[in-house]
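Line by line, the protein sequences give chains A, B, C and D. Numbered by this note's numbering, the letters in the first sequence go through residues 1 to 286 in order. Numbered by this note's numbering, the letters in the second sequence go through residues 1001 to 1286 in order. Numbered by this note's numbering, the letters in the third sequence go through residues 2001 to 2286 in order. Numbered by this note's numbering, the letters in the fourth sequence go through residues 3001 to 3286 in order. A short worksheet on the structure shown next.
There are 4 protein chains.
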Amino acid sequence: MSQNLWVFTAQCPSVIGTVDVCTHFMAQRGLYVVQHQSFDDRIAKEFFIRIAFHPEEDGFNADEFNRAFKSFAGRFNMSWTLTPPEKRPNVAILVSKYDHCLNDLLYRHRTGQLAIEIPLIISNHPDLERLAEMHNIPYHHLPISKETKPQQEAQIRELLQQYDIELVVLARYMQVMSPEMCDYLDGWAINIHHSLLPGFKGAKPYHQAWEKGVKMVGATAHYINNDLDEGPIIAQGIRDADHNSYPEDLVRQGQDVERVVLARAVQLHIEKRVFLSGQRTIVLQD
Amino acid sequence: MSQNLWVFTAQCPSVIGTVDVCTHFMAQRGLYVVQHQSFDDRIAKEFFIRIAFHPEEDGFNADEFNRAFKSFAGRFNMSWTLTPPEKRPNVAILVSKYDHCLNDLLYRHRTGQLAIEIPLIISNHPDLERLAEMHNIPYHHLPISKETKPQQEAQIRELLQQYDIELVVLARYMQVMSPEMCDYLDGWAINIHHSLLPGFKGAKPYHQAWEKGVKMVGATAHYINNDLDEGPIIAQGIRDADHNSYPEDLVRQGQDVERVVLARAVQLHIEKRVFLSGQRTIVLQD
Amino acid sequence: MSQNLWVFTAQCPSVIGTVDVCTHFMAQRGLYVVQHQSFDDRIAKEFFIRIAFHPEEDGFNADEFNRAFKSFAGRFNMSWTLTPPEKRPNVAILVSKYDHCLNDLLYRHRTGQLAIEIPLIISNHPDLERLAEMHNIPYHHLPISKETKPQQEAQIRELLQQYDIELVVLARYMQVMSPEMCDYLDGWAINIHHSLLPGFKGAKPYHQAWEKGVKMVGATAHYINNDLDEGPIIAQGIRDADHNSYPEDLVRQGQDVERVVLARAVQLHIEKRVFLSGQRTIVLQD
Amino acid sequence: MSQNLWVFTAQCPSVIGTVDVCTHFMAQRGLYVVQHQSFDDRIAKEFFIRIAFHPEEDGFNADEFNRAFKSFAGRFNMSWTLTPPEKRPNVAILVSKYDHCLNDLLYRHRTGQLAIEIPLIISNHPDLERLAEMHNIPYHHLPISKETKPQQEAQIRELLQQYDIELVVLARYMQVMSPEMCDYLDGWAINIHHSLLPGFKGAKPYHQAWEKGVKMVGATAHYINNDLDEGPIIAQGIRDADHNSYPEDLVRQGQDVERVVLARAVQLHIEKRVFLSGQRTIVLQD
């Protein structure tokens, strides 16, 4: 939906009254609900809600909303977010040498399809600097070796803080991060893995796929956590493959899937549609 | 979702407070909301809501719910439905000679995938009687000619009333119905058209498709109304086609799409996910 | 393609002249080539060809063709097959309790979509006998226990020989076969696995999929060999899934994929489009 | 397939011996066939063949091949093409203001995915000049009005000749061309139409689609001819849509389909996989 709307999301343990505590609060404040979705997971025993709304009258005050909602939320042990329509989160993109995902994200950023700011691009290689320049985005080349990994990761963390980054996108950043770095990024970094997880974990999945003679190649966008290539899945995509596709063809064909899946995951995330629930995600789709 | 839940749906003109009037009412009655979806269409200026819930305590009384909700609904000019979990609507299936859709619906009925009763099958041909027998379902052969059309349609209407039918499924019933019959079925009969409407309306769409050299064939499930092959669309599907597919191949390949799309539309309808909004449908998906 | 055509297939090590030895031979015999596909795999260094043709004149003699081609094939170390248009291979279907794949195969068999004979159905459970009866196909109930597995498998082999079976289809036959049985079936038995291999091997893949929160469920049809759930892949399919799908929903949703993928694999096999190449298949599609 | 191969294609009326005249000729010249596909259309009574090959020895002479093949082709009334592996055709891209297709083509060109040269971009608007500059490609701004259309089209034709253009791609060029211009471009210009033709011809197809409440949006790449939005179809694609998608959302969502479908059609064309057969195309896929 293309309207400019406020978005409210919340999450709490399953119990009766969770919907009403949110919707009644809004009704009493004259907030007009345009889209509402909620889901109560009977296995995880957890509740998730997303409401897109606009105030009926001028002068809606988010701080006042948050202060007033606090006591209601408290009763339900509910965590919540409130995001204004004009909000464009700061996103840092990490890359290595492949540029298909970066190019796609930059295109969607430039044309306004993705409502984000990209204050910087970070890479362990210099190759994609020209592409960053074409879009007037600062490019930080932070080379890495086995020895310098701790320092390089520290530099990245410093940059993320300096630029007030809210979301990190690993757009084919071909480095295994340290456990500390994974912990640091837990829940606010999206990675694209070039296979339909959990098949073909680890290195060279397209070559593994060719060896198996698969008839489909896929890609998986997931949150980073400490379990390599195994964080909570946000979005997946596939395309047909066949015997004509040698490993290098699968690589190329898979790139079209990767960039679409990654862009979709970023979109879902910034629209506040993705909720973490243990090792799974709940995605309240458009 | 496989839980046995009550389903409440409602629809009314767009105005503030539409969500709250439903959800607050439920909260006050101790009804546990498991899934909630609502949508406010800013062009049609119409509001749609679907809530799946279960009572926290025994003794939930639907009549009392409906009586009590009436005055609230009145204020919003809201129409609503309340459907119990064990509800299996009576569905009549109309066919001619093609059996792929019928076979699929009977299979899903037999295995419980589709929670419906099928008290009768009606056909203008005798061909599929054996298939009906295999599933122990009465088969009414009502032949039709240009002259007998009014009588035949009257017979159908009589049967639909006699068996207390709530949904009519035209599973490749190859007859153009009279305007009176279309009016009669408006909103409670689903047809499968063997093309991706609005392309290839009318007769022999697969032959039309071959002539055009299309690279995809599709199917469209829609509600019947007075506009031939043009009622509100519920579900659509496609599959790839190519030059190897002669018209008779497209017919065969398309059948796999038709039966899946039709079954999907029936499922959405009986789960109370489809709302009519002028010539369009709003489908609040699972 | 719906024409009745002879099909010639061949396979041999990569070397120059492989196409010509087949096509020139045919031209000289007045055989009209309708569809020709060949592929030379530069990694496996193997050549594959499939030619659909019809004789220009009556009196085509397959035996004479085979005798005459033998010396040409010999030079290329080429194995080949020649299949007449009216050929309907004998297929045995093995099932346990799930009937969605069986029902689909029987439907396609009954309507002539799948040009096969099904002289018998074998099961380790009695549950699906009624479905077999409805289609007038003998049903052999061969119960199995840990102790009786060798005898039961021997009974199956005996039946396959007795009925002159050319293809065995494991339509959700929920038994791990012995290595001997797998060897026996190597290359002429197709299994449907209810996941997108190589993800989720082994038992209860849909439950594994739910735990991982996957956004797609898939199915894989593959030839049986000694590597459990890991034989050469023939066809794969997927459909979207989401958080609303509990494990039992995934089971149900996946069944629609399973039956389509299995039917597709059987179709490709009987049309002589699938070639084995080590652990992979080459599929010369329509 | 990623190998560098020569490609031979041919087309002629259906008659026995068409395959052999090509393959035997190649065998006698020591040409190694890597991929071969042929199809004989029984309705159009036309034969199509595509052979990818490499010479076994150095010194393959295309002129000699063409001279020698001429007499064989003559007997079959066969037209043919022979394309060297290093061949990169000159492609002109025509645009108006939308840049999603242009951006995608430029990306695939820059990374070598599309083996083409793009010596110029032509537009009736100045808006996309900056994007052309970023890729160092000359941008010709040729404004157009009702009065100047003949002159503007003449300028385009002049540029196409000057730059020795072999393929024109209309990447959302929002002008209805004159019949003369359509004739001029017949068979060597690819247009992207933003609907699944033949549904929603003409202007604002996404708005038409919204009015109909379609559940899918599509795009069609086709050759230009004198029948507006109705030339022979090369490739089509779709994606799901729903009630949440207002017309402006469908526009945006459709763009992802358009760019993929257009790029695919260009790829198929330059790989010499597309054959014209009346108002249809035969596409011998990879």
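A virtual CB, placed ideally from N, CA and C, is assigned to each residue, including glycine. Computed from a predicted structure; not experimentally measured.
Interface flag, residue i vs chain A, CB-CB below 7 Å
i, result
"THR1023/B", "yes"
"HIS1054/B", "no"
"GLY2199/C", "yes"
"ARG2050/C", "no"
"TYR1032/B", "yes"
"VAL1020/B", "It is worth fixing the name first, because residue 1020/B is Asp in this sequence and not Val. So, interface residue."
"ALA2219/C", "no"
"MET2174/C", "no"
"GLN2152/C", "no"
Beta carbon proximity, residue i to chain B, threshold 7 Å
i, result
"ASN2103/C", "yes"
"GLY3213/D", "yes"
"ASP2227/C", "no"
"GLN287/A", "Since the first and last residues shown for chain A are 1 and 286, residue 287/A lies out of range."
"ASP2186/C", "no"
"ALA44/A", "no"
"ASP58/A", "no"
For residue i, three-class secondary structure by DSSP
i, result
"SER71/A", "helix"
"ILE1116/B", "coil"
"GLY1030/B", "coil"
"ASP1020/B", "helix"
"PRO3089/D", "coil"
"PHE3065/D", "helix"
"ARG1280/B", "strand"
"TYR163/A", "coil"
"PHE2060/C", "coil"
Contact with chain C by residue i, beta-carbon distance below 7 Å
i, result
"HIS243/A", "yes"
"MET1078/B", "no"
"SER3277/D", "no"
"ASP1286/B", "yes"
"THR281/A", "yes"
Any non-hydrogen atom of the ligand ZN within 6 Å of residue i CB
i, result
"MET2216/C", "The ligand ZN is not among the ligands present in this structure, which contains no ligands whatsoever."
Bridge partners - residue i, DSSP secondary structure assignment
i, result
"ARG293/A", "Residue 293/A lies beyond the residue range present for chain A, which begins at 1 and ends at 286; the question has no answer from this structure."
"SER2079/C", "GLN2011/C"
"ARG130/A", "ARG130/A is not bridged to any residue."
"VAL3168/D", "ALA3092/D and ALA3189/D"
"GLY2218/C", "ILE2238/C"
"SER123/A", "VAL95/A and HIS141/A"
"HIS3036/D", "SER2038/C and ILE3051/D"
"TYR223/A", "ILE190/A"
"VAL1274/B", "VAL1283/B"
Cutoff 7 Å: residue i Cβ touching any chain D Cβ
i, result
"MET134/A", "yes"
"TYR107/A", "yes"
"ALA2203/C", "no"
Ordered list of beta strand (DSSP E) runs contained in the segment 225 to 263 of chain A, each at least 3 residues:
233 to 240
Ignoring anything shorter than 4 residues, give me the alpha helix (DSSP H) runs that lie fully in the segment 3171 to 3216 of chain D, in order along the chain. 3179 to 3185 and 3205 to 3212
*Does the segment 2184 to 2204 of chain C come close enough to the segment 199 to 211 of chain A that 3 or more CB-CB pairs lie under 8 Å?*
yes
task = Could you tell me whether the segment 2261 to 2271 of chain C touches the segment 3017 to 3037 of chain D, using the rule of 3 or more Cβ pairs below 8 Å?
result = no
- Query: Should the segment 1203 to 1218 of chain B be regarded as contacting the segment 1234 to 1250 of chain B, the criterion being three or more beta carbon pairs within less than 8 Å?
  - Reply: yes
Next on the checklist: With a threshold of 8 Å, are at least 3 pairs of Cβ atoms found where one atom belongs to the segment 2078 to 2093 of chain C and the other to the segment 2111 to 2128 of chain C?
Outcome noted: yes
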